[in-house]
Every structure is written in C-alpha cells, then in structure tokens.
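Residue numbers (my numbering): 1222 to 1563.
This is the structure in structure tokens:
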C-alpha cells in the first residue's frame, strides 16, 4: 500500500480468535466480496498459533492485532502474520516496543501504528482533558511520537492510523497527518456504530478524505458482520472511481402498488451479479422495478429488466418482453440471460 498502489479495503474478524474454522470462513466470505486485507485479534499466544494455521489457507494477507502484551506480537510474527497492528500506547515500555520492531524487521513484517482516542498516553490525555490541545493534535502527536520510536530503530515499513469516533475529528486528524508524514495512512472512523449510522459516518469521512487524495487503505468499522464492512467499503471506492464499477442495478424504492418482494429480489440480483463478475462475466445493466408505472420505461434502457406484477415479474431483455417469471425463479432467469448476453 502507498506509493501509488490502489486503495485497499480491510475488515476484521469478530469470530473467536481460537476457532480456526470460523475465522477461515469469515476470511473467505470477505475475500469473495473484494476484501484485500483481513485482521485477526491476537489476545494470547494460543491465538497466535491459530493465526498461523489460518494464514496457511487464507487467500488474502492477515494482520495480527496486538494490545497490551508484546509477547503476542512476537508470537504472531513467528506464526507467519503478514503485518502487525500495534498501539504503542498500550503495549508497554519502550524496550518492549523495540523488541517487537526488531523482530518485525528481521522477518520483513510491516507495522501499522494504530492510535485511538480511547487509548492515548496519559500525558496527552491530560493535555486534552485540560483543553490545552484538541483531539486531532492529540492523536497526531501520539502517532508521530510512536513513529519516531520505529524510525530510531531504522524501521520504515510503517502504516499509520489515528482514529476518532466522529466525522469532523476524523477528517481534521487525517488532514493533519497528511501534512506531517508521507507514511501510508489507514483511514476510518472508529466505533462508528451500527450498520446505517456507521455506514453514513464512514462514507462521509472517507469520501471527503479519499477525494482529497488522503488514504491508502480503509476499514469501515461497523457493529455488524465483517462482510457488511467490506460491502460498504467497496461501494465507497466505487463511488469515487477508485475501484472498478460493480453491478449496474436500477431499482425503485417501492410503494403501495408493489405486489412482489422487490427488496429481497433486488438484493439477491445484486449478489448474483457480484458472483458473476468474479467469474469473469461482463455485467449487464439490470432494472428491478416494482410495478408498471416506471417499469416498462426503465426496461427499455436496461439490458435485462424485471417489472413487478401481481406476485410475479415480467422479464424484458434489451427492451423486449420475453416471459413472465415467478418471484422464486426471477434471480435465476436474470443470471441465465446475463450469461447468454456475453
């Protein structure tokens, strides 16, 4: 990441860090959705061993997330972690940080310095609480202080994050970081909340920063399943033209005239098209409409269209009515014609 590489999407497992099967399942599902990097918490040495087991079959790089015990970082490096995320503010004395840095340097394992507002060093927290400095300055000073420790050890393979839990502080913090360092930046809003508010907060903050050229890798932190984070992250990058476009779907918001489960069908069509894209199929423009008010008109402009009727859909292909199809068979028919249009 950095140096002109595309912006990458990250997520993090919320499964038991000692359950290799559950962790591998989450990694595979997120990788299939476009996730580039996946993070696993390593709360103890046993979890580091599980990370090593999972890493051997993972299709994407694995970052070990370390807090409090520097020995977990050393164990994760030995287990084969592709990178570390450490918060130097809670990992212990400087000599312990230096031990981790030396081990990472020997194995060529990059380190992300991850600073959060909730775990600032006591001195900076005191200044912040006293009103002597603001949140962005406190976060940036913490990150830059830890960066100096790594640079004193001649360690340069570093990524920085300094996350706040609200949009204005996040934007101001990363703008300040971008002024003070040329290290790659991992951008996100920490503790952003549940799916809808969290997605909105991240979209606003990341959209502004990425449009300014700030940010090399992102995580959309949500109180939700990891795959939801990946979906939102991918759509943010697509909206900014930083990822290839996804499925082109036109769908209506529904109203009282709708007599089919349009929301379910539209979401399943989207998932089906994402799968086709991974198989190398060129994606068509698909319209999924609820009734005859706008349905036939949208059908003329789409490659494939489903127009809701009474408990079924009328299917159009390139503006021509082809057949009627039940709700249960609608997604399969869209896939069938999507493949046939190649």
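A virtual CB, placed ideally from N, CA and C, is assigned to each residue, including glycine.
Of all alpha-carbon atoms in 1279, 1324 and 1319, the one lying nearest the alpha-carbon of residue 1296 is that of 1324.
For residue 1542, there is no enclosing alpha helix (DSSP H); the residue is found in the beta strand (DSSP E) stretching over 1541-1547. Bridge partners of residue 1381 according to DSSP: 1334 and 1406.
In the structure shown, residue 1247 adopts helical secondary structure according to DSSP, grouped into three states. Around the Cβ of residue 1439, a 10 Å sphere holds 16 or more other Cβ atoms; the residue is buried. Spanning the alpha carbons of residue 1531 and residue 1481 requires a straight line of approximately 7 Å. At least 8 Å separates the beta-carbon of residue 1498 from that of residue 1526.
When beta bridges are read from the DSSP output, residue 1528 appears opposite 1510 and 1535. A distance of 8 Å or more separates the beta carbons of residue 1484 and residue 1496.
Boundaries of the alpha helix (DSSP H) harbouring residue 1276: 1266-1276, taken from the DSSP string. By the neighbour-count definition (other C-beta atoms within 10 Å, threshold 16), residue 1268 is a buried residue. Contact between the region 1405-1419 and the region 1361-1377 is absent: fewer than 3 CB-CB pairs across the two stretches fall below 8 Å. When secondary structure is reduced to three states using DSSP, residue 1286 falls in the strand class. Rounded to the nearest angstrom, the gap between the Cα atoms of residue 1445 and residue 1558 is 34 Å. C-alpha of residue 1448 to C-alpha of residue 1350: approximately 37 Å in a straight line. Nearest Cα to residue 1514 within the set 1384, 1415 and 1528: 1528. Here residue 1341 has 1310, 1349, 1359, 1360 and 1363 as same chain residues with Cβ atoms under 8 Å from its own Cβ, once five neighbours each way along the sequence are excluded. The C-beta separation of residue 1321 from residue 1307 comes to about 7 Å, placing the pair in contact by the 8 Å criterion. Within the same chain, Cβ atoms closer than 6 Å to the Cβ of residue 1472 are found at 1487 and 1509, the five residues on either side in sequence being excluded. Of the candidates 1245, 1278, 1511 and 1563, the residue whose Cα lies closest to the Cα of residue 1503 is 1563. By the CB criterion at 8 Å, residue 1263 and residue 1238 fall inside the cutoff. In the structure shown, residue 1228 falls within a coil segment according to DSSP collapsed to helix, strand and coil. Taking the C-beta atoms as reference points, residue 1222 is found nearer than 8 Å to residue 1437. The beta carbon of residue 1489 lies closer than 7 Å to those of 1552 in the same chain, with the five residues before and after it left out. Look at residue 1415 here: in three-state DSSP terms it is coil, with no helix or strand label. 8 Å or more divides the Cβ of residue 1243 from the Cβ of residue 1274.
The straight-line gap separating the alpha-carbon atoms of residue 1465 and residue 1459 is approximately 6 Å.
In this chain, the alpha helix (DSSP H) harbouring residue 1458 covers 1447-1460. Inter-residue distance for residue 1257 and residue 1247 is about 13 Å (C-alpha atoms, whole angstroms). In the three-state DSSP reduction, residue 1559 falls in the helix class (H, G or I).
Here the alpha carbon of residue 1272 sits roughly 27 Å from the alpha carbon of residue 1370.
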